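In my numbering, the protein residues as written are 29 to 254. We put the beta carbon where it would ideally sit given N, CA and C, even for glycine. Quick caveat: nothing in here was measured; it's all calculated off a predicted structure.
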């Protein structure tokens, strides 16, 4: 059953902001009115609120900090977040959440809405990034996020890649960790996220049982591809 509220978290560099925006676009294309809440109050670099103008052009409302404090280092979250949660006009509400316990703790103030309306909480996992390089690390991260947010993580989104060094063999090697993590924690893998530039190479090796979520990368700095 699809939920109105989707929370997306993950370790730094996992691709959660890319996926948050892509998922918001995905739901908007299906005809839903979408609100995207940037709750990543820790990471000053890759933030969905920096793409607010482009998102608004697709009918997606982005809310985060108070106007004028977009670049501040304090968690001055806008009260408009409550508006998105309370207004039935927004049929889908997506949270882009900080990937550490500090960021996840910010979710706590909205728990009454999650308890009433229900939610799905997905964690992005890249087996080649710090914090999720083995099952133990990933398990510990998930436990910390659940404790800090007082919410249960309900799904895993795989983002298996090594950037330009990605190969089908590397992808399949990373899948072993994802499947072990899923089996150990009894948390389903809901999507395999794939950058569009690698889709033709990777789709043939991705097992049919997995839903592939293709993403056009928006947050990747150009200098990383030089």
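- Task: Out of 90, 86, 130 and 200, state which residue places its alpha-carbon closest to the alpha-carbon of residue 56.
- Result: When the alpha-carbon of residue 56 is set against those of 90, 86, 130 and 200, the nearest one is in 86.
- Message: Check whether the region 212-223 and the region 177-197 touch, using three or more Cβ-Cβ pairs below 8 Å as the test.
- Response: Between the region 212-223 and the region 177-197, the count of C-beta pairs closer than 8 Å reaches three or more; the two stretches touch.
- Task: Determine the direct distance from the alpha carbon of residue 223 to that of residue 243, and round the result to whole angstroms.
- Result: So the two alpha carbons sit approximately 5 Å from each other.
- Would you mind working out which of 240, 84 and 39 sits nearest residue 168, comparing C-alpha positions? The shortest C-alpha separation from residue 168 is found at 39.
- Limits of the unbroken beta strand (DSSP E) element including residue 202: Run containing residue 202: none in the beta strand (DSSP E); it sits in the alpha helix (DSSP H), 196-213.
- Query: What residues are listed by DSSP as bridge partners for residue 130?
  - Reply: Bridge partners of residue 130: none, in fact.
- Task: Within 10 angstroms of the Cβ of residue 115, are there 16 or more other Cβ atoms? Answer buried if so, exposed if not.
- Result: Exposed is the call here.
- Query: When the Cα of residue 66 is compared with those of 46, 60, 91 and 83, which residue comes out closest?
  - Reply: With distances taken between Cα atoms, residue 66 lies closest to 91.
- Message: According to DSSP, simplified to helix, strand and coil, what is residue 39?
- Response: Looking at residue 39 - three-state DSSP - the assignment turns out to be coil, as it is neither helix nor strand.
- Task: Sort 239, 187 and 118 by Cα distance to residue 34 and report the nearest one.
- Result: Of the listed residues, the one whose Cα sits closest to residue 34 is 118.
- Message: When you compare the CB positions of residue 200 and residue 163, do they come within less than 7 Å of one another, or not?
- Response: No, these two residues do not count as a Cβ contact at 7 Å.
- Query: Can you give the Cα-Cα distance for residue 53 and residue 121, rounded to whole angstroms?
  - Reply: Between residue 53 and residue 121, the C-alpha separation is close to 12 Å.
- What residue range is occupied by the uninterrupted alpha helix (DSSP H) comprising residue 169? From DSSP, the alpha helix (DSSP H) with residue 169 extends over 163-177.
- Which residue's Cα is closest to the Cα of residue 217: 158, 154, 230 and 131? Of the candidates 158, 154, 230 and 131, the one whose C-alpha sits nearest the C-alpha of residue 217 is 154.
- Message: For a quick check, are the C-beta atoms of residue 187 and residue 152 less than 7 Å apart?
- Response: Going by C-beta atoms, residue 187 is nearer than 7 Å to residue 152.
- Task: Please report how far the alpha carbon of residue 61 lies from the alpha carbon of residue 112, in whole angstroms.
- Result: If I take the Cα positions, the gap works out to 10 Å.
- Item | Proximity of residue 127 and residue 37 at Cβ, strictly below 7 Å | Cβ distance < 7 Å, so residue 127 and residue 37 count as in contact.
- Using a Cβ-Cβ cut-off of 6 Å (strictly less than) and excluding sequence neighbours within five positions of residue 158, which residues of its own chain qualify? There are no such residues.
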